[in-house]
Amino acid sequence: MKRNWQAEELVEYWTLLPKELELLVHKNPQNRLVFALLLKFFQLEARFPESDHEIPAVVVNYVTQQLSISPSIYQDCNWQGRSIKYYRKKIRELFGFREASITDAQELTDWLTEQALIYELKYEQLESAAVSRLRELKIEPPTHSRLERITRSALSSFEDKFFQRTVAQLSSRTKEQIDNLFKPPHIESQSLSVASQLDIDSSELSVWNELKLDPGRIGVESFQTEIKKLSILRQLDLPVDLFTTIPTKVLQQYKQRVVVEYPPNFFITS
């Protein structure tokens, strides 16, 4: 929740309406304040604050003014125990929400996995989509750390399925040729364990590493080198429609990762 609120925003979002004030009757000042803050917070965020520090001081001051109590009471409020659990339960019921279950978490992970491409694998946007989805289903979201794990799990699940589908479309010959790109050219038929015994850095000698090199200054030599690279890639005989369902921006993200990463001991056919 944002920390700074303008006066007109406080009036619009944090004013206790007559029916809401009725819910505070017969409560002591501390409980009235806790219930009122939880109620308005949930009304805005469709979740409860994870700690009292989430509620800005300016909001506390505005709400206490409405309740005709001192803001200092906020420091003595009990944010643990049976009372606050009961208040949360009543507020959920008031808005027609329920707590998230283990099944809900798994269903949310599956849903996010399907949405990953739409949000171009961007974590922040995917997490925001998760919050909106839960709000739509009237399910109170889990803690931020739990929601982060769910979102990252969905991204990981998407990538696993994407890689598996991609490999499944490759012929045995193509897989073998791709494997060879990662082997040192002069010992291509030998295993990497042999290269290690010879004290050879396969990442520097592999064809794959050469394919990743920057072409450098434009010239006849660099042009010919790039043609050779293209020829090697064409010989892989990759399916024409291999990535037709993947947005260009997502492919660009993978391209950037490929430039800086080297998959050690990675072979498709092994």
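Per our numbering, the sequence shown starts with residue 886, numbered consecutively.
The beta carbon of each residue, even a glycine, is placed where N, CA and C say it ideally should be.
Please read all numbers here as calculations on a predicted model, not as lab measurements.
query                                                                                                                                                         : result
Cutting at 6 Å between CB atoms, please list the residues of its own chain near SER1107, excluding the five before and the five after it.                     : PRO1100 and GLY1101
In terms of DSSP beta bridges, what is GLU984 paired with?                                                                                                    : GLU1025
Within 10 angstroms of its Cβ, does PHE1048 collect 16 or more other Cβ (buried), or is it exposed?                                                           : exposed
Evaluate contact between the segment 950-960 and the segment 1038-1053, counting only Cβ atoms and requiring at least three cross-stretch pairs below 8 Å.    : no
Out of curiosity, what's the CA-to-CA distance linking LEU922 and VAL948?                                                                                     : 7 Å
Where does ASN890 sit, in a helix, a strand or coil, going by DSSP?                                                                                           : The displayed chain sequence assigns Trp, not Asn, to residue 890. In the structure shown, TRP890 sits in coil (DSSP, three-state: anything other than H, G, I, E or B).
Got a sec? Which residues, its chain only, sit under 7 Å from GLU905 by beta carbon, not counting five neighbours each side?                                  : LEU924
Between the Cα of ARG1058 and the Cα atoms of THR1028, ILE1024 and LEU1123, which residue gives the shortest distance?                                        : LEU1123
Note down, in chain order, each residue of its chain lying with its Cβ closer than 8 Å to the Cβ of ILE1035, except the 5 sequence neighbours on either side. : ALA990, LEU993, THR994, LEU997, ALA1015 and PRO1027
Below 8 Å on the Cβ atoms is my contact criterion, and I expect LEU908 with PHE920 to pass it. Report the Cβ-Cβ distance as a whole number of Å.              : 7 Å
Roughly how many angstroms separate the alpha carbons of ARG973 and LEU1002, rounded to a whole number?                                                       : 35 Å
Give me the Cα-Cα distance between ASN1094 and PHE1067, rounded to the nearest whole angstrom.                                                                : 8 Å
For the candidate residues TYR971, LEU1121 and PRO903, whose alpha-carbon lies nearest to that of VAL1056?                                                    : For clarity, residue 1056 is Ser in the given sequence; the question names Val instead. That would be LEU1121, whose Cα lies nearest to the Cα of SER1056.
Are the beta-carbon atoms belonging to VAL1135 and LYS1097 less than 9 Å from one another?                                                                    : no
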